[in-house]
Amino acid sequence: MLSISVNGHSHPIDDGQDLASLVKHHCERDSHIALVLNGEVVPRHSWEHIHLKHNDAVELFAAVAGG
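Each residue of the sequence shown is one higher than the last, beginning at 16 in this note's numbering.
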């Protein structure tokens, strides 16, 4: 088991877990989610190709339209 931070809270994950599965676990609908990994915005098309590492910091945001 690895430990990461999700929105500032410690969260255990399995070794090899990718960002896509993390989002599915934490969010009902991933279509309106923005993701930041260690201070960098990660495009949605990359989520399933990026595997989390021990002590990674993930921030999940609900994307909303504004003006």
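The beta carbon of each residue, even a glycine, is placed where N, CA and C say it ideally should be.
Hey, quick one: how far does the beta strand (DSSP E) through residue i stretch, first residue to last?
i	result
Leu-17	17–21
Ala-35	That residue, Ala-35, is in no beta strand (DSSP E); its alpha helix (DSSP H) goes 34–41.
Pro-58	Element bounds for Pro-58: n/a, residue is neither H nor E.
Under the rule that 16 or more other beta-carbon atoms within 10 Å means buried, what is residue i, buried or exposed?
i	result
Val-73	buried
Asp-71	buried
So residue i packs on residue j, CB below 8 Å; how close in whole Å?
i	j	result
Val-57	Leu-50	5 Å
Pro-27	Ser-18	6 Å
Asp-33	Glu-63	5 Å
For residue i, tell me which candidate among the options has the shortest Cα-Cα distance.
i	options	result
Ser-36	His-24, Val-79 and Arg-59	Arg-59
Glu-55	Val-38, Leu-75, Asp-29 and Ala-80	Leu-75
Gly-31	Asn-22, Cys-42, His-69 and His-24	His-69
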